[in-house]
Amino acid sequence: NAGVMQNPRHLVRRRGQEARLRCSPMKGHSHVYWYRQLPEEGLKFMVYLQKENIIDESGMPKERFSAEFPKEGPSILRIQQVVRGDSAAYFCASSPLGGSYNEQFFGPGTRLTVL
Amino acid sequence: GENVEQHPSTLSVQEGDSAVIKCTYSDSASNYFPWYKQELGKGPQLIIDIRSNVGEKKDQRIAVTLNKTAKHFSLHITETQPEDSAVYFCAATASGGSYIPTFGRGTSLIVHP
Numbered sequence: 001n002a003g004v005m006q007n008p009r010h011l012v013r014r015r016g017q018e019a020r021l022r023c024s025p026m027k028g029h030s031h032v033y034w035y036r037q038l039p040e041e042g043l044k045f046m047v048y049l050q051k052e053n054i055i056d057e058s059g060m061p062k063e064r065f066s067a068e069f070p071k072e073g074p075s076i077l078r079i080q081q082v083v084r085g086d087s088a089a090y091f092c093a094s095s096p097l098g099g100s101y102n103e104q105f106f107g108p109g110t111r112l113t114v115l
Numbered sequence: 116g117e118n119v120e121q122h123p124s125t126l127s128v129q130e131g132d133s134a135v136i137k138c139t140y141s142d143s144a145s146n147y148f149p150w151y152k153q154e155l156g157k158g159p160q161l162i163i164d165i166r167s168n169v170g171e172k173k174d175q176r177i178a179v180t181l182n183k184t185a186k187h188f189s190l191h192i193t194e195t196q197p198e199d200s201a202v203y204f205c206a207a208t209a210s211g212g213s214y215i216p217t218f219g220r221g222t223s224l225i226v227h228p
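Line by line, the protein sequences are chains A and B.
Start counting the first sequence at 1; every next residue gets the next number (our numbering).
Start counting the second sequence at 116; every next residue gets the next number (our numbering).
Pasting the structure below:
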């Protein structure tokens, strides 16, 4: 059973370009979470999705950021018109169930660098 | 919302020593406390977790304790080995809402051979 897959692992963009980060959850997992990690900081929650639904986007910046988890295919985190402050590691996690005791399985992350 | 404080930010020990990392949380509704280990260039991996109806849990060299009254929980690693070197994150998840964990800022553990 393959783990959570993320691609690309490294992404370099110039200011103003778009960044698309992909996440394929573990087989059988229908809950996906996106987090952002800045150097020497913890993981900051961005958005929680189930298939075709955004459950909680309270951590998502109001502008330029969007996320989706379509019926078929990976979850996508999209950042439009990137700025240098968007440079960070973005992690996706998946779980088979929601709820309080759900273990989240993390992918290896996408490291975004904005030049 | 929940606030999780984690200390120390850096911990350096000799191989064979014990290491203790402490976290406090603010939301008394939190009832699930996972600990993650993150190695360089990798994603976090769950190493142990504890639910609020339990005061202590142990798995080989790793143990976690929870004091609900004081709202703090700790990770204990005994007989540390160089491969334990990594960043460790604690988290607290409140019941209700969408059950999103709030993470501490992490502790960089260095085990010297």
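Built from N, CA and C at the ideal position, the CB exists for glycine as well.
Going by C-alpha positions, A/Leu43 is about 8 Å away from B/Gly219. Bounds of any beta strand (DSSP E) do not take in B/Leu155, whose DSSP letter is neither H nor E.
In the three-state scheme derived from DSSP, where H, G and I count as helix and E and B as strand, A/Arg22 is classed as strand. Exclusion of the five residues before and after B/Leu190 leaves Ile136, Trp150 and Val179 as the residues of its chain whose Cβ lies within less than 6 Å of its Cβ. By the criterion of at least three beta-carbon pairs nearer than 8 Å, the segment 126-141 of chain B is not in contact with the segment 101-110 of chain A.
In the structure shown, the three-state DSSP call for A/Arg84 is helix. Residues of the segment 211-228 of chain B with a Cβ closer than 9 Å to any Cβ of chain A, in chain order: Gly211, Gly212, Ser213, Tyr214, Ile215, Pro216, Thr217, Phe218, Gly219, Arg220, Gly221 and Ser223. Shown in chain order are the members of the segment 48-76 of chain A whose Cβ falls below 9 Å from a Cβ of chain B: Tyr48, Ile55, Asp56, Ser58 and Gly59.
If one requires a minimum length of 3 residues, the beta strand (DSSP E) runs lying completely within the segment 117-189 of chain B are 119-122, 125-129, 134-140, 145-153, 160-166, 171-174 and 177-182, in chain order. Annotated three-state conformation of B/Glu194 is coil, per DSSP. For the C-beta of B/Gly158, the chain A residues within less than 7 Å are, from N- to C-terminus, Phe91, Phe106, Gly107, Pro108 and Gly109.
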